[in-house]
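A.B. asks: For the record, the sequence lines run as chains X and P.
Letter 93 of the first sequence, counting from 1, is numbered 93 in my numbering, and no numbers are missing.
Letter 105 of the second sequence, counting from 1, is numbered 1105 in my numbering, and no numbers are missing.
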Amino acid sequence: EAQVTQNPRYLITVTGKKLTVTCSQNMNHEYMSWYRQDPGLGLRQIYYSMNVEVTDKGDVPEGYKVSRKEKRNFPLILESPSPNQTSLYFCASSLREYNEQFFGPGTRLTVL
Amino acid sequence: AQKVTQAQTEISVVEKEDVTLDCVYETRDTTYYLFWYKQPPSGELVFLIRRNSFDEQNEISGRYSWNFQKSTSSFNFTITASQVVDSAVYFCALRYTGGFKTIFGAGTRLFVKA
Chain X
1 EAQVTQNPRY
11 LITVTGKKLT
21 VTCSQNMNHE
31 YMSWYRQDPG
41 LGLRQIYYSM
51 NVEVTDKGDV
61 PEGYKVSRKE
71 KRNFPLILES
81 PSPNQTSLYF
91 CASSLREYNE
101 QFFGPGTRLT
111 VL
Chain P
1001 AQKVTQAQTE
1011 ISVVEKEDVT
1021 LDCVYETRDT
1031 TYYLFWYKQP
1041 PSGELVFLIR
1051 RNSFDEQNEI
1061 SGRYSWNFQK
1071 STSSFNFTIT
1081 ASQVVDSAVY
1091 FCALRYTGGF
1101 KTIFGAGTRL
1111 FVKA
């Protein structure tokens, strides 16, 4: 089944404790993105990747890191999480620049 | 500035009513892509439609229709004869070329009451 998977789905952590949210797609898509969703703000793009080893900032990259060492995986790293990073995070993938995105199920992160 | 505005935060209708969700965008690019996504109460994001900037044809898919007007920078979405299952948050999004930057609107929450 074609899909984007994210893990974990729920995470509660404390300020400053490094964490990684994994994202994997099995559709051989070139493009991948991370978004955060906050009430009243819609989805805001954190980082995106256009291919292996090619990543770029979205609108809200501060406090986040990404890497794209393999085509299928695009992990999101929070080196030192803070409470303002409490949010719902979505990973997405797309075949081409002009195609729609397929979204993962979301990861709800709470930073205490 | 690149921007997407969904001015309607929440809309409430009664089943079988028609409803239009507005989307206004700003971009300097001449080539861009517009999208609508649906987020039902279960939380997943579902793709509805894509439109290229050079294709102004309106589209109809069952009870859904989209009106793209470059002259007013709008890409509005109409649901005809709404149903309870249409209750969701709807997002409009803009992607411009030369990268993969994608801007989403804040979303419109639609309540359809039986």
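We put the beta carbon where it would ideally sit given N, CA and C, even for glycine.
#1: Should LEU112 of chain X go down as buried or exposed, given a rule of 16 or more other Cβ atoms within 10 Å for buried?
#2: If we call anything under 7 Å between Cβ atoms a contact, is SER93 of chain X one with MET32 of chain X?
#3: Relative to the C-alpha of LYS1062 of chain P, which residue among P:ILE1049, P:ALA1088, P:THR1009 and P:GLU1044 is closest?
#4: LEU58 of chain X: which of P:VAL1089, P:SER1073 and P:PHE1100 sits nearest, CA to CA?
#5: If the cut-off is 7 Å on Cβ atoms, which residues from the stretch 18–38 of chain X count as contacting chain P, listed in chain order?
#6: Can you tell me whether THR1072 of chain P is buried or exposed, with buried defined as 16 or more other CB within 10 angstroms of its CB?
#7: Quick check on the burial criterion: 16 or more other C-beta atoms within 10 angstroms. Buried or exposed for GLY40 of chain X?
#8: Look up ASP38 of chain X in the DSSP assignment and say whether it is helix, strand or coil.
#9: In chain X, which residues lie with their C-beta within 7 Å of the C-beta of GLY1043 of chain P?
#10: Spell out whether any CB of chain X is found under 7 Å from the CB atom of GLY1107 of chain P.
#11: Tell me the DSSP secondary structure of ASP1086 of chain P in three-state form.
#12: Can you tell which of P:VAL1084, P:LEU1021 and P:GLN1039 has its C-alpha closest to the C-alpha of LYS1113 of chain P?
#13: So the candidates are X:ASN84, X:ASP38, X:VAL54 and X:CYS23; which of them puts its Cα closest to the Cα of ILE77 of chain X?
C.D. replies: So, from the listed chains and residues:
#1: exposed
#2: yes
#3: In the sequence under discussion, the amino acid at residue 1062 of chain P is Gly, which differs from the Lys named in the question. Comparing Cα positions, the closest option is P:ILE1049.
#4: Reading off the sequence, residue 58 of chain X comes out as Gly, not Leu. Out of P:VAL1089, P:SER1073 and P:PHE1100, P:PHE1100 has the C-alpha closest to the C-alpha of GLY58 of chain X.
#5: TYR31 and SER33
#6: So THR1072 of chain P counts as exposed.
#7: exposed
#8: strand
#9: GLY106
#10: yes
#11: In the structure shown, ASP1086 of chain P sits in a helix (DSSP, three-state: H, G or I).
#12: Of the candidates P:VAL1084, P:LEU1021 and P:GLN1039, the one whose C-alpha sits nearest the C-alpha of LYS1113 of chain P is P:VAL1084.
#13: X:CYS23
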